[in-house]
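Protein chains in written order, with my numbering: chain D, 17 to 193; chain L, 257 to 673. Using N, Cα and C, we set each Cβ at its ideal position, and we do this for glycine too.
In structure tokens:
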């Protein structure tokens, strides 16, 4: 299988973005209407995020890449958080660290999360993200960043596009070591 | 080599030798959803092609987050969840029964169980010695269908507790202090395991408060050993036969050992808008509050209401401060009525909310106005958490909330009790 590689522009945010920042609890009544819910992505915390992501993905420039500092997605287990990020046009997430439930949820939604030194990435930088190899080339600065490996089961889920497609195919957990 | 509690439970449930860092497939003893994560869980379950539950009697639906529903869409989500329960035969705890984590503690969690819930505060059941953790909807959907899930076996921190709580200091102060020390990501991916001599006198209610907030330090689980106090709690809840002693092995390998002396603690609180911005209450005294909120899966138990009622008995809330009280479950409400706590609280000017999550997550029953300040006994104070990003939330113990409600400003409970 060829390496999963994504190209796109960084939208850089900060440390400690909670799932309440990503999709506040007050919109819980929209959780069964995902297109409506997605309109409120990061509405209070980063009001410009949705329009920037839309602008980046409207043309042929590739996907938006969300880049944050530490402890991304702390808080609630709501899988709606990575869902609305994905729906806004984000193809990959880079962070210094990510809260564990959010990390797992994003992978389950087929959105790669790579942990790396995001201080080396500026807002608007052009990035090439090799998800399989855990390598990020910052095409703007020329710097290459490497990330830690995720457990093989997570890579396998990501390769299938998320946990649900994985289960549609395998019907069970298949650990390949 | 000795095993931590996390390694011990996951070894048993994965039918092998689980060591920190391993990835295992473990049997799931209980899987549950609530009303804001359940609809997506069920859609993911169906989309995967699953039709039946692996263990219908060990799958539970709780309607607690929007209870009773404040919006037609949420009412329709409730209908969807009730229909799924009807189709699959799983139990459902409908509106008014209480908060999922309180009901799991009262009715289901046992030492050595693996519990997954589509709610981050599933960690609460770690108080009973269960490996209980929050997951997203897709993961729980798969657990419902297969009766198992995958885990990376976490490294553990041992929090070694000794001493005794001084007057005015409670379990909430302890866990806030710990989170302030290690930070909101200080235990990310790790297990927090609690031990030490202080456990012998630590009630189940206190343990539940502490385990509940393990996730606010990023932890996967907050685990207590199962001991005499666990046994007594299980007996009181008609399942004494489910008790088995459980503790970490001597010589278990901990990534970090953090000693904590209860005697040296003082009342603590979290400043807006981060749980780990922790300060002694004494340093923040005098901040005016428009709302005090006592309840939630962190502090909505009988002991919490007893502390509040004792402080508020014969007194009145400040005219400028609304006082909201939400018992964690129907059983908590009934016992609090029997003991006279509810009467004392109502006479002091409190509003009694139905058992459930109520004001905690900003859907209903206590949404804050612009610039308002709430002193809450909940576990989260993120910006916008209680429905308004222009409001401010401080987190503290029920005693601090009760004394602050009387004075209308943040008050050190030791100044009044």
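Where does residue i fall in DSSP's three states?
| i | result |
| --- | --- |
| residue 387/L | strand |
| residue 364/L | coil |
| residue 621/L | coil |
| residue 591/L | helix |
| residue 577/L | coil |
| residue 332/L | helix |
| residue 61/D | coil |
| residue 671/L | helix |
| residue 660/L | helix |
| residue 666/L | coil |
| residue 193/D | For residue 193/D, the pLDDT reaches just 48, beneath the cut-off of 50, and the residue's location in the model is therefore unreliable, leaving the point undetermined. |
| residue 339/L | helix |
| residue 283/L | strand |
| residue 451/L | strand |
| residue 23/D | strand |
| residue 547/L | strand |
| residue 524/L | strand |
| residue 43/D | helix |
| residue 79/D | strand |
| residue 476/L | coil |
Which residues in the same chain as residue i place their Cβ atom closer than 6 Å to its Cβ, once the five residues preceding and following it in sequence are excluded?
| i | result |
| --- | --- |
| residue 446/L | 410, 411, 413, 475 |
| residue 462/L | 427 |
| residue 193/D | Its pLDDT being 48, under 50, residue 193/D is placed unreliably in this model, and the value from its coordinates should be taken loosely. There are no such residues. |
| residue 145/D | 22, 108, 152 |
| residue 669/L | 424, 523, 655, 656, 659 |
| residue 421/L | 518 |
| residue 437/L | none |
Between the Cα of residue i and those of the options, spot the shortest distance and give me the residue it belongs to.
| i | options | result |
| --- | --- | --- |
| residue 293/L | 339/L, 392/L, 548/L | 392/L |
| residue 582/L | 298/L, 354/L, 286/L, 332/L | 354/L |
| residue 59/D | 21/D, 100/D, 28/D, 125/D | 100/D |
| residue 605/L | 633/L, 560/L, 661/L, 630/L | 661/L |
| residue 27/D | 119/D, 180/D, 66/D | 66/D |
| residue 179/D | 40/D, 149/D, 133/D, 119/D | 119/D |
| residue 102/D | 124/D, 114/D, 164/D | 124/D |
| residue 528/L | 406/L, 545/L, 519/L | 545/L |
| residue 537/L | 650/L, 595/L, 560/L | 650/L |
| residue 163/D | 91/D, 63/D, 187/D, 134/D | 134/D |
| residue 47/D | 301/L, 327/L, 318/L | 327/L |
| residue 602/L | 639/L, 610/L, 284/L, 568/L | 568/L |
| residue 468/L | 543/L, 453/L, 386/L | 386/L |
| residue 541/L | 379/L, 526/L, 459/L | 526/L |
| residue 367/L | 396/L, 552/L, 617/L, 497/L | 497/L |
| residue 301/L | 403/L, 615/L, 375/L, 453/L | 403/L |
| residue 612/L | 624/L, 482/L, 557/L | 557/L |
Might you give, ordered along the chain, the residues of its own chain that have their beta carbon closer than 7 Å to the beta carbon of residue i, omitting 5 neighbours on each side?
| i | result |
| --- | --- |
| residue 185/D | 176 |
| residue 263/L | 274, 275, 276, 409 |
| residue 69/D | 27, 80, 104, 105, 106 |
| residue 654/L | 550, 555, 560, 563, 564, 633 |
| residue 73/D | 79, 80, 105 |
| residue 405/L | 282, 284, 372, 395, 398, 399 |
Going along the chain, which residues of its own chain have a beta-carbon closer than 8 Å to the beta-carbon of residue i, five neighbours each way excluded?
| i | result |
| --- | --- |
| residue 548/L | 573, 577, 578, 579, 580, 630, 631, 632, 657, 658, 660, 661 |
| residue 183/D | none |
| residue 344/L | 308, 309, 312, 315 |
Within the continuous alpha helix (DSSP H) that includes residue i, where are the two ends?
| i | result |
| --- | --- |
| residue 555/L | 552-555 |
| residue 301/L | 294-303 |
| residue 48/D | Element bounds for residue 48/D: n/a, residue is neither H nor E. |
| residue 168/D | 168-175 |
| residue 124/D | 116-124 |
| residue 431/L | 427-438 |
Which stretch, first to last residue, makes up the beta strand (DSSP E) that contains residue i?
| i | result |
| --- | --- |
| residue 492/L | It is not in any beta strand (DSSP E) - residue 492/L instead sits in the alpha helix (DSSP H) that spans 484-492. |
| residue 315/L | 315-318 |
| residue 648/L | 648-651 |
| residue 536/L | 534-536 |
| residue 257/D | Nothing can be reported for residue 257/D, as the shown portion of chain D is limited to 17 through 193. |
| residue 405/L | 404-408 |
| residue 567/L | Run containing residue 567/L: none in the beta strand (DSSP E); it sits in the alpha helix (DSSP H), 558-568. |
| residue 418/L | 412-418 |
Any beta carbon from chain A within less than 8 Å of residue i's own beta carbon?
| i | result |
| --- | --- |
| residue 357/L | Looking at the structure shown, chain A is missing, and the protein chains on hand are D and L. |
Discussion item. Any contact between the region 523-534 of chain L and the region 430-438 of chain L? By contact I mean 3 or more CB pairs, one from each, below 8 Å.
Written reply: Using a Cβ-Cβ distance cut-off of 8 Å, the region 523-534 of chain L and the region 430-438 of chain L are in contact, since at least three pairs of beta carbons, one from each stretch, lie closer than that value.
Worksheet entry | At least 3 beta-carbon pairs within less than 8 Å: the region 107-126 of chain D vs the region 436-451 of chain L | Contact check between the region 107-126 of chain D and the region 436-451 of chain L: three or more CB pairs, one atom from each, fall below 8 Å, which counts as touching.
Worksheet item: Does the region 347-367 of chain L come close enough to the region 316-324 of chain L that 3 or more CB-CB pairs lie under 8 Å?
Response: As far as the Cβ criterion goes, the region 316-324 of chain L touches the region 347-367 of chain L, which means the pair count is three or higher.
Discussion item. Under 8 Å, with one C-beta from each stretch per pair, do the region 501-514 of chain L and the region 477-486 of chain L reach the 3-pair mark?
Written reply: At 8 Å Cβ cutoff, the stretches touch.
Worksheet item: Is there contact here, the region 456-473 of chain L with the region 327-339 of chain L, by at least three beta-carbon pairs under 8 Å?
Response: Contact between the region 456-473 of chain L and the region 327-339 of chain L is absent, with fewer than three C-beta pairs closer than 8 Å.
Worksheet item: Do the region 638-646 of chain L and the region 582-595 of chain L make contact, defined as three or more Cβ pairs closer than 8 Å?
Response: Verdict: no, contact absent.
Discussion item. Check whether the region 83-100 of chain D and the region 26-43 of chain D touch, using three or more Cβ-Cβ pairs below 8 Å as the test.
Written reply: They touch, by the three-pair rule.
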